[in-house]
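Novice: Before I ask anything, let me first share the structure, which is written out below as structure tokens.
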Amino acid sequence: MKLLIHFLFSLFFIACGGDSSTSANDSDDERIGLITDSRDGQTYKTVTIGSQTWMAQNLNYETENSYCYGDDPANCSKYGRLYTWAAAMESCPTGWHLPTLDEFQVLIDAVGGKNIAGKMLKATNGWVKDGNGTDAFLFSALPAGFAIGRGKYEREGEFAEFWSATKYERTDPDSYDIFLSHFSDGAGWDYSSRRDVFSVRCLKD
């Protein structure tokens, strides 16, 4: 069901059209940086896109209710950890935070709009079925997959799902997430149970 919803959202974005393509004009040296998480010593690439500075890698801070895809530690090294919403809300280091849906929208607008945001933000490798992106803005989104509750892990290689800090207004146990897929150049949003486990990208305060 979740895959069907994602597919329908992607078709909607493609049908809407009208977004103008943009490119990253700043030099890479001006946009990229590094931070070290003082809690565990891990270092993350960062990238400035428009007015925002993002982690350019998925968070890999181990906390309660965070998991490696397939319960395989090698996947934490590859993709970062997958978090429940409550864990995601408290997982970013000092000076960083879990972005709201509106803040994700700023990112999507900065890379050219929803119809091409997936192509612009996805990494140039790791996606199945010719789903790789151009990574034009060095966001380097990887298809880490997800799990519904603590059920079966699924869609590695096919989907990137990022929690937002924004609660879904109509259903209290749900919150919004942003997704990228192998079958679309666009980016979409969904609302999901807070027990589901998704990736986290931290945004600088």
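Per the working numbering: the sequence shown = residues 1 to 205.
Don't be surprised by glycine CBs; every beta carbon is placed ideally from N, CA and C.
Going by DSSP in three states, Gln105 sits in which element: helix, strand or coil?
Specialist: Helix at Gln105.
Novice: What number of angstroms, rounded off, separates the C-alpha of Phe183 from the C-alpha of Asp130?
Specialist: Between Phe183 and Asp130, the C-alpha separation is close to 8 angstroms.
Novice: Below 8 angstroms CB to CB, which residues in the same chain sit around Asp172 once its five sequence neighbours on both sides are set aside?
Specialist: Answer for Asp172: no residue qualifies.
Novice: Shortest alpha-carbon distance to Asn115 belongs to which of Ser164, Leu142, Ser181?
Specialist: Comparing Cα positions, the closest option is Ser181.
Novice: Mapping DSSP to helix, strand and coil, what is Asp174?
Specialist: Three-state result, Asp174: strand.
Novice: Would you kindly work out how many angstroms separate the C-alpha atoms of Asp244 and Gly126, rounded to a whole number?
Specialist: Since the first residue of the chain shown is 1 and the last is 205, residue 244 is not available in this structure.
Novice: Considering just the uninterrupted stretch of the beta strand (DSSP E) at Trp54, what are its terminal residues?
Specialist: Trp54 -> beta strand (DSSP E) spans 52 to 55.
Novice: Taking only the alpha-carbon atoms, compute the straight-line gap between Pro73 and Glu169 and give it to the nearest angstrom.
Specialist: Each residue's alpha carbon lies about 35 angstroms from the other.
Novice: Please state whether DSSP places Ile77 in a helix, a strand or coil.
Specialist: Inspection of the sequence shows that residue 77 is occupied by Ser rather than by Ile. Helix.
Novice: Would you report the Cα separation of Glu62 and Gly118, rounded to the nearest angstrom?
Specialist: Computed Cα separation, rounded: 27 angstroms.
Novice: Rounded to the nearest angstrom, how far is the Cβ of Gly133 from that of Thr124, given a contact under 8 angstroms?
Specialist: Yes, they are in contact, since the Cβ atoms of Gly133 and Thr124 sit about 7 angstroms apart, within 8 angstroms.
Novice: State yes or no: is the beta carbon of Tyr44 nearer than 8 angstroms to at least one beta carbon in chain C?
Specialist: No chain C appears in the structure shown, which is made up of a single protein chain.
Novice: In the DSSP output, what is Ser192 paired with across the bridge?
Specialist: According to DSSP, which records beta bridges pairwise, Ser192 is partnered with Ser175.
Novice: Near Thr48, what residues of its chain come up, given a Cβ to Cβ distance below 6 angstroms and the 5 sequence neighbours on each side ignored?
Specialist: Same-chain partners within the cutoff: Arg31.
Novice: Mind checking Val197: buried by the 16 CB within 10 Å criterion, or exposed?
Specialist: Buried is the call here.
Novice: What separation, rounded to the nearest whole angstrom, lies between the Cα atoms of Cys68 and Phe159?
Specialist: Each residue's Cα considered, the two are about 15 angstroms apart.
Novice: Could you tell me which of Leu34, Ser77, Tyr83 sits nearest to Tyr153, measuring between CA atoms?
Specialist: For Tyr153, the nearest C-alpha among the options comes from Tyr83.
Novice: Can you check DSSP and say which residues form a bridge with Gly133?
Specialist: According to DSSP, which records beta bridges pairwise, Gly133 is partnered with nothing at all.
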